[in-house]
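**Student:**
In my numbering, the protein residues as written are 20 to 501.
1. Just to confirm my understanding: we take residue 501, look at its own chain, exclude 5 residues before and 5 after, and list those with CB closer than 8 angstroms. What are they?
2. Of the choices 463, 461, 265, 404, whose alpha-carbon is the least far from that of residue 323?
3. Kindly list the residues whose CB is nearer than 8 angstroms to the CB of residue 177, restricted to its own chain and excluding five residues on each side of it in sequence; keep chain order.
4. For residue 425, count the other beta carbons within 10 Å of its own beta carbon; 16 or more makes it buried, fewer makes it exposed. Which is it?
5. Of the residues 118, 34, 80, which one's Cα is nearest the Cα of residue 44?
6. Does the pairing of the stretch 361-372 with the stretch 337-345 give three or more beta-carbon distances under 8 angstroms?
7. Rounded to the nearest angstrom, what separates residue 279 and residue 190 at their Cα positions?
8. For residue 265, list the residues DSSP reports as bridge partners.
9. Write down every uninterrupted run of the alpha helix (DSSP H) in the stretch 115-183 whose length is 4 residues or greater and which is fully enclosed by it, in chain order.
10. Across which residues does DSSP place residue 445 in a beta bridge pair?
11. Measure the alpha-carbon distance for residue 369 versus residue 395 and round it to whole angstroms.
12. Given this structure, state the Cα-to-Cα distance separating residue 502 from residue 211, to the nearest angstrom.
13. Report yes if the CB atom of residue 146 is closer than 7 angstroms to the CB atom of residue 97, and no otherwise.
14. How would you write the range of the beta strand (DSSP E) that residue 209 sits in, first residue to last?
15. Within 10 angstroms of the Cβ of residue 478, are there 16 or more other Cβ atoms? Answer buried if so, exposed if not.
16. So, under 8 angstroms CB-CB, residue 187 and residue 318 are touching, yes? Tell me the CB distance rounded to an integer number of Å.
17. State the Cα-Cα distance for the pair residue 489 and residue 301, rounded to the nearest angstrom.
18. Measure the C-alpha to C-alpha separation of residue 90 and residue 320 and round it to an integer number of angstroms.
19. Measure the C-alpha to C-alpha separation of residue 46 and residue 85 and round it to an integer number of angstroms.
20. Measure the Cβ-Cβ separation of residue 409 and residue 461 and say whether it is below 7 angstroms.
21. Against chain D, with Cβ distances strictly below 7 angstroms, would residue 234 count as a contact?
22. Have a look at the DSSP bridge pairing and note the partners of residue 81.
23. Taking C-alpha atoms, which residue in 439, 442, 427, 438 lies nearest to residue 457?
24. Does the distance from the CB of residue 38 to the CB of residue 55 come in under 7 angstroms?
25. Let me know if residue 101 comes out buried or exposed under the rule of 16 or more other beta-carbons within 10 Å of its beta-carbon.
26. Could you round the C-beta distance between residue 63 and residue 154 to whole angstroms and report it? I think they count as a contact, below 8 angstroms.
27. Just the C-alpha distance for residue 181 and residue 60, rounded to the nearest angstrom, thanks.
28. DSSP state of residue 322, grouped into three classes?
29. Counting C-beta neighbours from all protein chains within 10 Å, is the total for residue 332 16 or more, i.e. buried, or is it exposed?
30. Enumerate in chain order the residues of its own chain whose CB-to-CB distance from residue 347 is below 6 angstroms, with the five nearest sequence positions on each side excluded.
31. Could you check the C-alpha separation between residue 387 and residue 444 for me, to the nearest Å?
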């Protein structure tokens, strides 16, 4: 199948005009019912049809007794019924002319028993003979925020963006969608394909490689049975778009769990790690690392080199923070450059007083709480040719001991304004402390302005280092210290 054919084949999945949810009912505790409510709340732009033999009504919408009873065309069906009833539903979908079916239900090949494997194979054979595509089974399916398709099982949906996430795990898909909303990681598509009985990782990678809505691809995979083919596909795509790959089942225990989870053959940790690196993709080892790296590609992909200017803490008192920040940056291969005399002189004219450190990493002392001073310092660093990006440590709980929330917002306005007009990426380190609503809202304003916010220097440095290692950069210096 050509790329154009593959693209057209999957269009009804990502841009359906109508969706039916088999298993929705008047019982609010059923997962199918929750999915229906999730689609309504997300503002799906097409028609939504609940389907259940018992009939009834949900939110004023008629529940149809079968797929065939729906009066209009149906592009896409989500299946949340027992596995024993799925074959009959597939027959109804074929008769109705449905384009694709996502099977949330478990009880197929992932069980490891012969009956589960037989049921899955028969389902796929029937669907393929009629041109019906299957996602799953044992998956949470598709989310496409731009047209109001949430993660079906949780309702998670954020602002649309340019990142696609392809995952063999439904749980990781649900979690990353939630993390994305809190950190403003914006997705074009989230895809959970579970057992991959019909449409699998290769099919979706082919689609995403040419998808104009997707500029960055993240991936969680467990299977190793198509390892060589997947490697070649990743290698081709990584030349066009950044790819971040998290391989599950890398330990002996993890591999056994992966086999029981989706029926996957995990493959060798060393082999996969080397293959991902050789393919030009970025390898990560946790969901936190995956989210951090995707955020970096989204917000700071324009970074030109590895030299960091570090403001160790707004508000002063950060000698130890400066030392540890320099350590972790150096450990990740980032440079801490000595600044030119002209820059040092300009900083000295702006910052004076006890407790200040005017070498990189900087401690601005008490003056760092003043928005006008912070703005001048950022502008000076913006014109320093030895600096490629700027990292600012903002402990909001600490600042609130001395200044008001409105004053913190004024400081953040300076950071937001700088990030919008400067070509040098700005990262903010904001260590989680209290769950205070005002603290969270202050940090959230930065994320909403598309500033990359990290909970530690270690995670910020690791993320930007991965971006830099993923592609040639115009200027990469060796780590330096003052």
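Backbone N, C-alpha and C define an ideal beta-carbon position, used for all residues, glycine too.
**Tutor:** Quick look at the numbers:
1. Low confidence applies here, because residue 501 scores a pLDDT of 46, under 50, leaving its location unreliable; read the following figure in that light. Closer than 8 angstroms at Cβ, skipping near neighbours: 355, 357, 378, 379.
2. Nearest C-alpha to residue 323: 404.
3. Same-chain partners within the cutoff: 164, 196, 199, 200, 203, 204, 205, 206.
4. Residue burial annotation: residue 425 is exposed, with fewer than 16 other C-beta atoms found within 10 angstroms of its C-beta.
5. When 118, 34, 80 are compared, the shortest CA-CA separation from residue 44 is found for 80.
6. Taking one beta carbon from each stretch, the stretch 361-372 and the stretch 337-345 have fewer than 3 pairs nearer than 8 angstroms; the two do not touch.
7. With a pLDDT of only 47 at residue 279, under 50, the local geometry of the prediction cannot be trusted, and no value is derived from it.
8. Residue pairing by DSSP places residue 265 opposite 239, 303 in a beta bridge.
9. Counting only runs of 4+ residues, the alpha helix (DSSP H) found wholly inside the stretch 115-183 occupies 133-148, in chain order.
10. In the DSSP assignment, the residues bridged to residue 445 are 409.
11. About 8 angstroms.
12. Only positions 20 to 501 of the chain appear in the structure, and residue 502 is not among them; the question remains open.
13. No, they are not a contact pair.
14. DSSP places residue 209 inside the beta strand (DSSP E), whose first and last residues are 206-211.
15. The residue in question, residue 478, is buried, as its Cβ has 16 or more Cβ neighbours within 10 Å.
16. Incorrect: roughly 27 angstroms between the Cβ atoms, too far for contact.
17. So the two alpha carbons sit approximately 6 angstroms from each other.
18. One C-alpha to the other measures close to 48 angstroms.
19. A direct Cα-to-Cα measurement between residue 46 and residue 85 gives close to 17 angstroms.
20. No, they are not a contact pair.
21. The structure shown has no chain D; it contains just one protein chain.
22. According to DSSP, which records beta bridges pairwise, residue 81 is partnered with 76.
23. The shortest CA-to-CA distance from residue 457 to any of 439, 442, 427, 438 is the one to 427.
24. By the CB criterion at 7 angstroms, residue 38 and residue 55 fall outside the cutoff.
25. By the 10 Å Cβ count, residue 101 comes out exposed.
26. Rounded, the Cβ-Cβ distance is 17 angstroms, inconsistent with contact.
27. Their Cα atoms are separated by approximately 23 angstroms.
28. Three-state result, residue 322: coil.
29. Under this definition residue 332 is a buried residue.
30. Excluding residues within five positions, the ones whose Cβ falls inside 6 angstroms are 476, 477, 480.
31. Straight-line Cα distance between these residues: approximately 20 angstroms.
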